[in-house]
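Residue numbers (the numbering used here): 239 to 425.
Here is the structure we will look at.
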């Protein structure tokens with residue numbers, strides 16, 4: 239089943255061309271003047287996997303069990319536009335994004351456009367990270383709204399990728415499960 243789904247990837251994952259401004263940005267006075275060249279957000283998530291005892295140290299994620307670190311991009315209408323799977327749980331976000339930008343089936347950043355990323359990603363043309371030392375995860379705003387312009391920037395569109403991962407994990411709880419799966423990292 240999974241292999242069949244993967245064959246549909248090209249039909250459902252369409253990278254932005256940069257020729258159109260996202261309707262979610264264009265229709266917002268708060269976002270448009272500042273984010274008109276932003277094509278989406280990038281982040282990673284860890285998915286628990288089963289690996290051999292020998293491979294376990296390479297895959298042991300920050301939660302202490304083997305994971306795959308999956309990089310994804312999404313548009314502001316919460317649609318995935320690129321997914322890079324297969325990296326072991328110990329791989330850094332910067333290492334994964336560097337690979338995504340240079341591989342044959344690469345992540346494309348349209349000329350003059352950019353993606354919003356979290357602080358774990360390398361700084362380079364086409365990637366804009368949040369202000370350092372300022373809250374930016376959705377859960378950090380659950381008890382209070384943004385307190386200043388930097389917090390508002392960090393919270394505004396950066397959370398699109400967190401929201402789309404949240405929707406995916408609610409729809410497919412196996413992705414977020416802490417129980418050891420019966421499928422391997424090669425699946």
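Even for Gly, the Cβ is constructed at its ideal location relative to N, Cα and C.
Point to revise | Nearest-angstrom Cα separation, counted from residue 413 out to residue 406 | key: Between residue 406 and residue 413, the C-alpha separation is close to 8 angstroms.
Check your understanding: Curious, which full-length alpha helix (DSSP H) runs of at least 4 residues does the stretch 287-351 contain?
Key -> Counting whole runs of 4 or more residues, the stretch 287-351 contains the alpha helix (DSSP H) stretches 294-297, 331-340.
**Study point:** With 16 other Cβ atoms within 10 Å as the buried cut-off, status of residue 345
**Key:** The residue in question, residue 345, is buried, as its Cβ has 16 or more Cβ neighbours within 10 Å.
Check your understanding: If you run the structure through DSSP and keep just helix, strand and coil, what is residue 251?
Key -> In the three-state DSSP reduction, residue 251 falls in the coil class, being neither helix nor strand.
**Study point:** residue 408 - containing alpha helix (DSSP H), residue span
**Key:** It spans 397-409 - the alpha helix (DSSP H) in which residue 408 sits, taken as one unbroken run.
Practice item. Mind reading off the beta-carbon distance from residue 427 to residue 328? Whole number of angstroms is fine, and I expect it under 8 angstroms. Key: Not covered by the structure: residue 427. The range shown for the chain is 239 to 425.
Check your understanding: Skipping 5 residues on each side, what residues in its chain have a beta carbon closer than 7 angstroms to that of residue 316?
Key -> Around residue 316: 398, 401, 402, 405.
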